[in-house]
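Shown next, in structure tokens, is the structure this report addresses.
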Amino acid sequence: MSCKAATKDKKSSFSKKLFRRGSVRSVGSFMSRVLRTLTALSHFGSEVQTEDDKDDGGFSTFKSGNKDDLMEDGDLGGFLSGERVPGVSGLKNHGNTCFMNAILQCLSNTELFAEYLVLEHYKGEELDEDKPKTNGMHLQKKGPLSKGEVTEQLSGLVRALWTFEYTPQHSRDFKNAVSKNATQFKGNAQHDAQEFLLWLLDRVHEDLNTVNPNCRPAIKPPIEEDDQSIEGPSPPLSAGSFVQELFQAQYRSSLTCPHCQKQSNTFDPFLCISLPIPLPHTRPLYVTVVYQGKYSHCMRIGVAVPLKSTVYRLRDAVSRETKIPLDQFVLTEMYYDGFHRSFCDDDDDLNIIQESDSIFAFETPETFKLENIRTKRGSLLANLNHNSFKYGTEISRTPSFMQGAVTPVTGSPNKNLGPEKVILLVCNRACTGHQAKRFGLPFVLYMERTVTWDTLQKEILEKMRHLLRPGVYIQVGPFSLRVVGVVGITYLLPQDERPLCHPTVERA
Numbered sequence: 270m271s272c273k274a275a276t277k278d279k280k281s282s283f284s285k286k287l288f289r290r291g292s293v294r295s296v297g298s299f300m301s302r303v304l305r306t307l308t309a310l311s312h313f314g315s316e317v318q319t320e321d322d323k324d325d326g327g328f329s330t331f332k333s334g335n336k337d338d339l340m341e342d343g344d345l346g347g348f349l350s351g352e353r354v355p356g357v358s359g360l361k362n363h364g365n366t367c368f369m370n371a372i373l374q375c376l377s378n379t380e381l382f383a384e385y386l387v388l389e390h391y392k393g394e395e396l397d398e399d400k401p402k403t404n405g406m407h408l409q410k411k412g413p414l415s416k417g418e419v420t421e422q423l424s425g426l427v428r429a430l431w432t433f434e435y436t437p438q439h440s441r442d443f444k445n446a447v448s449k450n451a452t453q454f455k456g457n458a459q460h461d462a463q464e465f466l467l468w469l470l471d472r473v474h475e476d477l478n479t480v481n482p483n484c485r486p487a488i489k490p491p492i493e494e495d496d497q498s499i500e501g502p503s504p505p506l507s508a509g510s511f512v513q514e515l516f517q518a519q520y521r522s523s524l525t526c527p528h529c530q531k532q533s534n535t536f537d538p539f540l541c542i543s544l545p546i547p548l549p550h551t552r553p554l555y556v557t558v559v560y561q562g563k564y565s566h567c568m569r570i571g572v573a574v575p576l577k578s579t580v581y582r583l584r585d586a587v588s589r590e591t592k593i594p595l596d597q598f599v600l601t602e603m604y605y606d607g608f609h610r611s612f613c614d615d616d617d618d619l620n621i622i623q624e625s626d627s628i629f630a631f632e633t634p635e636t637f638k639l640e641n642i643r644t645k646r647g648s649l650l651a652n653l654n655h656n657s658f659k660y661g662t663e664i665s666r667t668p669s670f671m672q673g674a675v676t677p678v679t680g681s682p683n684k685n686l687g688p689e690k691v692i693l694l695v696c697n698r699a700c701t702g703h704q705a706k707r708f709g710l711p712f713v714l715y716m717e718r719t720v721t722w723d724t725l726q727k728e729i730l731e732k733m734r735h736l737l738r739p740g741v742y743i744q745v746g747p748f749s750l751r752v753v754g755v756v757g758i759t760y761l762l763p764q765d766e767r768p769l770c771h772p773t774v775e776r777a
């Protein structure tokens, strides 16, 4: 009874101490305690690590340097002001042991657990009030654990990570110790990381209980008490240890009698909680915005849209991100070879656009209204003969094409509204044979429907002025337009005085 009472008092005081301390501390404070205590214990600098010359994994440069410099003046200047950061080091992969390395890195960066291992608190659970203190901290009793090989190797590995002494031999020795105690982890096969974590914590818990095997509390049945007298969970159902205090919680299931209102509470310990990954409600889409101006410029943005939505939600997201009104930009799809689809119907299902699609949003003039765009889209292909340009020989051999989607505005022109206008979305591409590659930035033209051939030609070349040599845009030769939105290949001839009034454009 005295042993059980002592164990209960010790666990109670330990729990208060554990949860009274902050869970997040600075690296400097943690390393200061580690280094000073290791120096007092004569461990720091006394261990000789075994190095495998054939398989050092490039970690030989991480060996500890001059330790006296690190502890000079009792600070961590050597750690925190230098290039190396304590506790930040990769682990050698011995086969497919990435699952093991991931768990080791997590535990090494769990501050309370790392401090417990590095300072070797696991070697003596009982504090001696009469023994000397170092920096206000009790030195723990020494003495190897009876069957604590896994804990010993884990402690050495974590200590090496925090003192720049890690070599692949540390993780190899740990893996060998694990293989001896768990046949399922033998060899170099891949395993589940959570399965290894549960096994490792259970093994360390078993190793810690070998210190005082006679002081294990008896297993208690579920507690039955009145609902109003419930104050806290029951004691653990097995011997307590630092691992349980730090990592274990208890799940309380209550059953209340509807007649007598008696409540039966059962506490089940657990180490891990399986949390479902929430299903995404949105998906990302990336849009290249083409701003209007004398020289157009582009900006690529990303927006989140609902999984089940319409094109309107994409337009609304782009509008909110760019501050461009909804009725002042056109959504279209454009790749290296020019324009493909246009998205004019706001009620279309957004599933027609995938994350990998190349979507462009062209800003249009304020007088342009999206609702006036026809459902079927037309396109124009302008072919410039560069042979008459004052280019070099190599450039003149590569003719250039300009492709643009034209959007005629419906409605008959009258004297009050002025001439009917259309929007031209233009992009340039260089063609060699049947291969074409887009170059330069796309741009927008807002033209009168009755524009002449020469005027249209000059407006397009003026937008390309920054891409051409001086004077080229007034020396251009033959100029042709191709209508893309109709069946077959249809060109508008230079002899057409009003090319944008051609019936082919009307049918596009």
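The numbering used here numbers the first residue of the sequence shown as 270 and each following residue consecutively. Yeah, the Cβ is synthetic: ideal placement off N, Cα and C, and Gly gets one too.
Per the DSSP calculation, R522 is bridged to which residue(s)? Looking at the sequence provided, one finds Ser at residue 522 rather than Arg. As DSSP reads the structure, S522 sits in a beta bridge with T535.
Cβ separation of L423 and F454, assumed to be a contact under 8 angstroms, to the nearest whole Å: Their Cβ separation, rounded to whole angstroms, is 14 angstroms, which puts L423 and F454 out of contact at 8 angstroms.
By DSSP, does V720 sit in helix, in strand, or in coil? coil
For I628, name the three-state secondary structure that DSSP assigns. strand
Counting Cβ pairs, one atom from each stretch, are 3 or more of them under 8 angstroms apart for the segment 595-615 and the segment 511-528? Three or more Cβ pairs closer than 8 angstroms define a contact, and the segment 595-615 falls short of that threshold against the segment 511-528.
Between H363, F536, R521, which lies nearest to S448 when the distance is taken from Cα to Cα? Nearest of H363, F536, R521 to S448, Cα basis: H363.
Is the distance from the Cβ of L477 to the Cβ of V427 below 7 angstroms? no
Quick one: grab the DSSP three-state call for S578. coil
Measuring CB to CB, does F465 end up less than 7 angstroms from M369? yes
Q623 to Y560, Cα distance in whole Å? 23 angstroms
Excluding sequence positions up to five away, which residues of its chain have a Cβ less than 8 angstroms from the Cβ of T551? A573, V574, P575, L576
What is the C-beta distance between E728 and M716, in whole angstroms, given that I count them as a contact (C-beta under 8 angstroms)? 7 angstroms
Of the residues T579, T591, A586, the one placed nearest M568, counting alpha carbons only: T591
Using only CA atoms, which one of A383, V354, G417, P437 lies nearest to L360? Looking at the Cα atoms, P437 is the closest of the given residues.
Quick one: give me the first and last residue of the beta strand (DSSP E) that L600 is part of. 598-604
Cβ neighbour criterion (16 or more within 10 Å) applied to V354: exposed
Between H566, P634, L554, which lies nearest to I621 when the distance is taken from Cα to Cα? L554
Restricting to Cα atoms, I'd like to know which of F433, V556, N457, N534 is closest to R521. N534
Residues in its own chain within less than 7 angstroms of K279 by CB, not counting five upstream and five downstream? Confidence is the limiting factor: at K279 the pLDDT is only 47, short of 50, which leaves the residue's position unreliable, though a coordinate-based value still follows. Taken in chain order, the list of residues that qualify is empty.
Just how far apart, CA to CA, sit L544 and A518? 15 angstroms
Mapping the DSSP letters down to three states, classify A573 as helix, strand or coil. strand
Inter-residue Cα distance where the pair is Q726 and P768: 11 angstroms
Kindly indicate the opening and closing residues of the beta strand (DSSP E) around R552. 551-560
I need the straight-line Cα distance from G562 to S578, nearest angstrom please. 32 angstroms
Could you check which residue in G425, T719, G356, Q374 has the C-alpha nearest to that of H390? G425
Below 8 angstroms on the Cβ atoms is my guess for S627 versus E602; work out the distance and round it to an integer in Å. 6 angstroms
What are the partner residues of M568, as DSSP defines its beta bridges? V558
Sorted by chain position, which residues of the same chain lie with C-beta nearer than 8 angstroms to C770's C-beta, five sequence neighbours on each side aside? R718, T719
Boundaries of the alpha helix (DSSP H) in which H609 is found, first to last residue: Segment 607-612 is the beta strand (DSSP E) holding H609; no alpha helix (DSSP H) there.
Along the chain, where does the alpha helix (DSSP H) containing P437 start, and where does it finish? 437-450
Beta carbon of Y581 nearer than 7 angstroms to that of D615: yes
Under 7 angstroms between the Cβ atoms of L376 and F382? In contact: L376 and F382 (Cβ atoms closer than 7 angstroms).
Secondary structure of Q459, DSSP reduced to three states: The answer is coil: DSSP assigns Q459 none of H, G, I, E or B.
Where does L710 sit, in a helix, a strand or coil, going by DSSP? strand
Expressed to the nearest angstrom, what Euclidean distance is found between the alpha-carbon atoms of L737 and E775? 32 angstroms
Between the alpha carbons of D765 and E635, how many angstroms are there, rounded? 30 angstroms
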